[in-house]
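Q:
Numbering (this note's numbering), first residue to last: 10 to 146.
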């Protein structure tokens with residue numbers, strides 16, 4: 010549900026800045042809004058950051074840890090996450106290197122969590138992101 014609200018915030022921000030949505034993709038790892046990319050940098054930033062901002066607001070008022078997790082995860086500078094999209098928008102030539110650097114650190118943390126606590130969800134997210142980066146950047 011909170012992933013849907015996160016993407017809804019992107020959609021509402023997109024409509025607010027005059028953008029046009031193209032499609033909403035649902036996968037095992039989340040939901041992604043695709044839209045025409047003819048927005049100004051400021052408008053694009055507003056659309057990208059709307060999702061994590063809503064998660065932070067929900068965390069402050071509801072105190073549900075999943076919203077804090079979603080905000081922090083999405084703000085990581087790893088493409089295609091929101092933070093990575095900000096890096097790609099502002100520093101397009103650096104996005105691959107920044108993504109790989111942070112993803113390597115995240116993968117190390119996820120392996121620790123996997124072996125220490127037997128929680129594998131972050132590890133699966135890392136594998137998905139690695140495959141995405143290898144395929145698209």
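Ideal placement from N, C-alpha and C gives every residue a C-beta, glycine not left out.
Determine the direct distance from the alpha carbon of residue 83 to that of residue 45, and round the result to whole angstroms.
A: When rounded, the distance between both Cα atoms is 21 Å.
Q: Measuring CB atoms only, is the region 84-95 touching the region 44-60, in the sense that at least three cross pairs come out at less than 8 Å?
A: As far as the Cβ criterion goes, the region 84-95 touches the region 44-60, which means the pair count is three or higher.
Q: DSSP three-state call for residue 65: helix, strand or coil?
A: Correct three-state label for residue 65: helix.
Q: Identify which residue in 67, 104, 87 has its Cα closest to the Cα of residue 135.
A: Closest by alpha carbon: 87.
Q: Check each candidate in 122, 129, 112, 119 and name the one with the smallest Cα separation from residue 143.
A: Taking only the C-alpha atoms, the option nearest residue 143 is 112.
Q: What residue from 37, 52, 23 has the CA that sits closest to residue 99's CA?
A: Out of 37, 52, 23, 52 has the C-alpha closest to the C-alpha of residue 99.
Q: Label residue 29 either buried or exposed according to how many other C-beta atoms from any shown protein chain fall within 10 Å of its C-beta, with 16 as the threshold for buried.
A: Exposed, by the Cβ-count rule.
Q: Using 8 Å for Cβ pairs, my map puts residue 55 next to residue 68. What's the rounded Cβ distance?
A: About 20 Å; that fails the 8 Å criterion.
Q: Considering only their Cβ atoms, is the gap separating residue 131 from residue 122 smaller than 7 Å?
A: Against a cut-off of 7 Å, the Cβ pair of residue 131 and residue 122 comes out as a contact.
Q: Provide the residue span of the alpha helix (DSSP H) that contains residue 137, from first to last.
A: Run containing residue 137: 130-145, per the alpha helix (DSSP H) assignment.
Q: Decide if residue 35 is buried, meaning its Cβ has at least 16 other Cβ atoms within 10 Å, or exposed.
A: Exposed is the call here.
Q: Around the C-beta of residue 96, are 16 or more other C-beta atoms found within 10 angstroms, so that it is buried, or is it exposed?
A: Buried, by the Cβ-count rule.
Q: If you drop the 5 nearest sequence neighbours on each side, which residues of the same chain put their C-beta closer than 8 Å to that of residue 76?
A: Counting only Cβ-Cβ distances below 8 Å, and skipping sequence neighbours, we find 11, 64, 65, 67, 68.
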